[in-house]
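First up is the structure itself, then whatever we jot down about it.
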Amino acid sequence: MINDDYFLAALRLAAGNDPIPSQVSAATRDLYGLRVPRAVTATPAECAAIRGVRDDDGSHLVRFVAAGLTFELEVTEGDGLIDVAGQIFPHPGEDALVDVRTPHLTLTRRVAHSGQFAATGLPPGWLSVVCHRPGHPPVQTAWVRIRP
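Following my numbering, the numbering of the sequence shown begins with 1 at its first residue and continues without gaps.
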């Protein structure tokens with residue numbers, strides 16, 4: 001496992017004579033802190049229009065697929081914040097938890113028997129969802145940028 005000091009030292013060596021600006025080192029450290037060890041990353045998948053999901057109200061549907069799971073996220077923007085109503089199928093298991101993450105905030109939710117979960121009042125910007133299933137590596141969605 002690589003620690004932060006080793007990672008930053010490697011970046012400094014790769015840079016040669018030019019020192020890395022402090023803001024780049026800070027951003028790298030912050031980004032490294034967002035990783036989910038051993039996670040499988042779900043990638044975006046095509047999503048046909050679904051009845052009842054409208055784009056005219058500021059919402060849109062995003063689908064991700066990996067490790068036998070499909071994530072469907074309906075993201076709604078309003079009042080400068082975003083709400084996420086999601087579903088994972090097939091159901092990931094009785095003790096499954098979902099982390100709805102932004103770079104500065106993580107909300108943990110239980111997954112309902114229907115596979116649904118929700119998180120409200122998130123800041124706009126980068127968003128990722130991680131599903132934790134007992135006995136399996138975590139599955140995370142790729143980061144997606146939600147703009148107001």
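Virtual Cβ for every residue (Gly too), placed ideally from N, Cα, C. It should be emphasised that the depicted structure is a prediction, and the values quoted were computed from it without experimental measurement.
Quiz item: Using DSSP with H/G/I as helix, E/B as strand and the rest coil, what is Val100?
Solution: Position 100 of the sequence shown holds residue 100. Here Val100 sits in strand by DSSP.
Exercise. Write down the C-beta distance between Gln87 and Glu77 rounded to the nearest angstrom, noting that I regard them as a contact closer than 8 Å.
Key: In the sequence shown, the residue the question calls residue 87 occupies position 87. In the sequence shown, the residue the question calls residue 77 occupies position 77. Contact flag wrong, Cβ pair sits at about 19 Å.
Self-check item: As assigned by DSSP and simplified to three states, the class of Gly115
Solution: Mapped onto the sequence shown, residue 115 falls at position 115. DSSP places Gly115 in coil when its eight states are reduced to three.
Exercise. Check the DSSP bridge columns for Val176 and list the partner residues they point to.
Key: Summary: the structure shown does not reach residue 176, with the chain confined to residues 1 through 148, and so no result is reported for it.
Exercise. With DSSP collapsed to three states, give me the class of Arg145.
Key: For the purposes of this step, residue 145 is taken as residue 145 along the sequence shown, with counting starting at 1. Arg145 falls in the strand class under three-state DSSP.
Quiz item: Start and end of the alpha helix (DSSP H) containing Arg12?
Solution: The residue given as residue 12 occupies position 12 in the sequence shown. In the DSSP assignment, Arg12 falls within the unbroken alpha helix (DSSP H) covering Asp4 to Ala15.
Quiz item: In three-state terms, what does DSSP make of Ala67?
Solution: As a position in the sequence shown, residue 67 is number 67, starting the count at 1. Of the three classes helix, strand and coil, the one that applies to Ala67 here is coil, per DSSP.
Quiz item: What is the residue span of the beta strand (DSSP E) that Arg109 lies within?
Solution: For the purposes of this step, residue 109 is taken as the residue at position 109 of the sequence shown. Taken as a continuous stretch (DSSP letters only), the beta strand (DSSP E) holding Arg109 covers Leu105 to Arg110.
Exercise. Taking Ala45 and Arg29 to be in contact with their CB atoms under 8 Å, please state how far apart those CB atoms are, rounded to whole angstroms.
Key: The count along the sequence shown starts at 1 and reaches residue 45 at position 45. The count along the sequence shown starts at 1 and reaches residue 29 at position 29. About 32 Å separates the beta carbons of Ala45 and Arg29, which is beyond the 8 Å limit, so they are not a contact pair.
Quiz prompt | Burial state of Phe89, where buried means 16 or more other Cβ atoms lie within 10 Å | solution = Start at 1 with the first residue of the sequence shown, and residue 89 comes out as number 89. Exposed is the call here.
Quiz item: In angstroms, rounded to a whole number, what distance separates the CA positions of Ala130 and Gln140?
Solution: As a first step, residue 130 must be located in the sequence shown, where it is residue number 130. As a first step, residue 140 must be located in the sequence shown, where it is residue number 140. Correcting the residue identity first, residue 130 is Val in this sequence and not Ala. Approximately 4 Å, taken between the alpha carbons.
Quiz item: Val111: buried (16+ other C-beta within 10 angstroms of its C-beta) or exposed?
Solution: By one-based count along the sequence shown, residue 111 stands at place 111. The residue is buried, with at least 16 neighbouring Cβ atoms inside 10 Å.
Quiz item: On the three-state DSSP scale, how would you describe Asp95?
Solution: The residue you call residue 95 lines up with position 95 of the sequence shown. Three-state result, Asp95: coil.
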